[in-house]
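Here is the structure we will look at.
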Amino acid sequence: MNPLILAAAEIPLLSDIVVIFGLATLVILLFMRLKLPTIIGYLLTGAIAGPYGLSLVDASTAVEVLSEIGVILLLFVIGMEFSLKSLMAIKKAVFIGGSLQVALTIAVTAIITYFFGYDWNIAVFFGFLFALSSTAIVLKLLQESGQINTISGRTTLAILIFQDIIIVPLVLFTPMLAGESDNILLSLFYMALKGGLVIILTILGAKYLIPQLLYRVAKSKNEELFLLSIIVTCFAVAYITSLLGLSLGLGAFLAGLIISESEYSHHATGKILPFREIFLSFFFVSVGMLFDISFLVDHILIILALVLLTFVVKFLVVSLSVKAIGSNFKESFIVAFSIFQVGEFSLLLAKEGLKYELLDNTTYQYFLAISIITMIITPFVLKSRENLACRVLNIPVPKNFKARFGDKLDLPAGEIETDQLSDHLIIIGFGLNGRNLAKAAKRANIPYAIIEMNPETVKVEAAKGEPIMYGDAANAVVLEHVKVHKARVVVIAISNHESTKGIIINIRDATQNAFIIVRTRYVNEIEAMLKLGADEVIPEEFETSIEIFTRVLNKYLVPKGEIEDFTHDVRFHNYEVFRTLTSENGNTITLDVPEINFAGVKVEKDHGSLIGKPIKDINLREQVGINMVAIKRDGKTKTDITGNTKIKLGDIVYVVGRPEALEKFEKEVSI
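Count the sequence shown with UniProt numbering and you get residues 1 to 671, in order.
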């Protein structure tokens, strides 16, 4: 018997796996050479290998099963990197922002669809489809860019979590829209009970069961057993939620949350990631297999118009929903540019619509084409979401609109007289460090130019006459505009580690002559920055220590020359004295801790007894025992603290008080 026939008979999916991975390898290699996102490569692979392409794959059902495993593992990893405390800290964004986004999208889509001539039940079902976004694509991209823990990243995640939860009642409502006689209200009641039961089991498992299990497994020092226990936890919780009528993805996310509460979450993530990447590739291939390229070509103009309409409607609805929970316009637009697409769960819901005849084949192909195209353009839009958000902010609007909504929406880009730039200093990032550096450069008559991504800062400082421009310094065109090839020194004073690396690479591509000084947060980032081309890296965590210790030595009347020798020695040895807390001869450094401390605390909650209320009403000094001296918000430090000042999510609050009072305040506003 032919060996190929025998292999196909024993493992029917084997030939399809070979075709998918073989074709995907070639496509991804091409896409990497063209610097295109790999997600689009997987979608293209599915379109080529699927029934509407070359029909190279037969077992499409088996591929869909493997793709579902990929989605489960993705949500499982997201859950492990999140935590119950983090989830509760953004519950306002989950339940208020998420419900507003879903409800408004359903309403607006239903109205538009009704005017296209569809019946109300079908119009509402279209609202169901377009209310959901792509959790798999968006979270993967946010993870890869390191933006999932930013304010906009957490808000995006919050809305996506709500969408994953709401898919269950949407599926239950679908038969009712088709005219079925099931008691949907009773089904929703039972679903709520099941959801409550799952949440209780999740909390109990996170607190008592899983930590003990993983402790015993880790104690055995058997890596195979550890991996097996992690996989069993993931699929067991997902299976339990599916038995209760909830989604597998929700169960996987809850399983990740359970493990995230243990100290083994990072090790578990490293074990699961390779499996997730393999199975997730099947998901994107399976979506691409549904793409009828001939239908797209025949109806391209109509489809592109519908894609544009989808983008505009979802962008406006998401922006309004995020603004309603207290975010500024910039953050609202960033989130809107992240979740404008139609999601993978919409594809599952659309199949239910076909089953109950809410969609015919032609309408289904239109919806599928819109979904695939919005997914394809998502990586490009999300990569530039901050830049696009700032461009929207620059759109001229009536003054009464600005006065009504408070945000300054007509922010100029700022101008720099580039003809005069030579042997100059370039400052990237105009926070506190950038401002102080500009003041020093001005006093020393050193020519300088500033690049800043906050449009409000650009407008304010440009009005003051600062040589500042809006732009992303990772963009070669922006660097060329400030004549980086003629600069003597470039100072990168931003806090985003990934963005800093990209900026260094682009500067070195443009010039080898500029001396690059980088500000970074942690000392363990120094080596990577130096390898990329930075000439000097200054870590904040130890420079602050040097400054404090220098002042301590001054108080102890240590001669100035000895202090300078000490600080030089610390920097020369990459701050080893602070990392080891010992000197070279082994003597431990000891200091007297003062009774009153000064601290900067980042606000990571959007609710609480101290959040969003005037400080005169919360009695901060009496209730917590601290004094607030300044607030850093949107990159700008404000020292004019009044009784009407409010603490908001994302603020860095500078306070003075005893160590126990500072600790109490940090617990109130941090997660």
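Every residue, glycine too, gets a C-beta built ideally from N, C-alpha and C. Keep in mind that this is a model prediction, so the values were computed, not measured.
Using beta-carbon positions only, say whether residue i and residue j come within less than 8 Å of one another.
i, j, result
"Leu254", "Gly79", "yes"
"Thr202", "Leu257", "yes"
"Ser321", "Gly97", "yes"
"Val232", "Gly251", "no"
"Ile334", "Arg276", "no"
"Asn524", "Ala476", "no"
"Leu56", "Val27", "no"
"Leu177", "Ser346", "no"
"Ala474", "Ser499", "yes"
"Phe291", "Tyr42", "no"
"Ile230", "Ile272", "yes"
"Ile504", "Val489", "no"
"Ala510", "Leu479", "yes"
"Val285", "Val77", "no"
Residues in its own chain within less than 6 Å of residue i by CB, not counting five upstream and five downstream?
i, result
"Lys602", "Ile652"
"Lys314", "Phe340"
"Gly434", "Ile427 and Ala493"
"Gly612", "Lys646"
"Ala487", "His424, Ile426 and Ala514"
"Lys616", "Gly643"
"Gly75", "The question names Gly, but residue 75 is Leu in the sequence shown. Within the same chain, Leu75 has close Cβ partners Gly249, Ala252 and Phe253."
"Val482", "Ile426 and Ala449"
Please return the same chain residues whose Cβ sits closer than 7 Å to the Cβ of residue i, not counting the five positions on each side in sequence.
i, result
"Val656", "Ile596, Phe598, Ile626, Asn627 and Val629"
"Lys92", "Ile325, Asp606 and His607"
"Gly431", "Ala493 and Gly635"
"Ala389", "Lys330, Phe333, Ile334 and Phe337"
"Leu530", "Val537"
"Phe295", "Gln365 and Ala369"
"His485", "Ala510 and Thr511"
Considering only DSSP beta bridges, list what residue i is partnered with.
i, result
"Thr637", "Lys632"
"residue 685", "Not covered by the structure: residue 685. The range shown for the chain is 1 to 671."
"Tyr470", "Glu452"
"Ile427", "Ile450 and Val491"
"Asn627", "Val656"
"Phe515", "Val489"
"Pro614", "Lys646"
"Lys271", "Paired residues: none, contrary to the question."
"residue 693", "This structure cannot settle anything about residue 693, because the visible part of the chain is limited to 1 through 671."
Going by CA-CA distance only, name the one from the options that's closest to residue i.
i, options, result
"Ile450", "Glu456, Lys459, Arg443 and Ala438", "Ala438"
"Asn445", "Ala324, Asp423 and Phe367", "Asp423"
"Glu344", "Gly179, Cys234 and Val138", "Val138"
"Leu309", "Phe130, Arg276 and Ile69", "Phe130"
"Val108", "Val312, Ala238 and His485", "Val312"
"Lys442", "Glu456, Glu466 and Leu421", "Glu466"
"Thr374", "Asp298, Lys355 and Ile303", "Ile303"
"Tyr239", "Pro659, Phe116 and Val198", "Val198"
"Gln623", "Leu74, Ile631, Ile166 and Leu610", "Leu610"
"Ile90", "Tyr215, Leu348, Ile151 and Asp472", "Ile151"
"Gly70", "Asp360, Ile516, Leu280 and Val490", "Leu280"
"Asp360", "Phe21, Phe125 and Leu54", "Phe125"
"Ala103", "Phe116, Gly127 and Gly117", "Gly127"
"Thr378", "Arg521, Val307 and Pro274", "Val307"
"His497", "Ser319, Thr362, Gln163 and Glu144", "Glu144"
"Gln420", "Lys221, Pro447, Ile641 and Pro274", "Pro447"
Helix, strand or coil, according to DSSP, for residue i in the structure here?
i, result
"Val537", "strand"
"Gly256", "helix"
"Arg391", "helix"
"Val57", "coil"
"Ser670", "coil"
"Phe380", "helix"
"Ala178", "coil"
"His299", "coil"
"Ile17", "helix"
"Leu241", "The displayed chain sequence assigns Thr, not Leu, to residue 241. The answer is helix: DSSP assigns Thr241 an H, G or I state."
"Ala49", "helix"
"Gly341", "Strictly speaking, residue 341 in this sequence is Gln, with Gly absent from that position. Note: Gln341 maps to coil in three-state DSSP."
"Ser133", "coil"
"Lys207", "helix"
"Asn436", "helix"
"Ile106", "helix"
"Gly117", "coil"
Using a Cβ-Cβ cut-off of 8 Å (strictly less than) and excluding sequence neighbours within five positions of residue i, which residues of its own chain qualify?
i, result
"Ile161", "Leu87, Val94, Gly98 and Phe253"
"Trp120", "Ala110 and Tyr114"
"Ala528", "Lys501"
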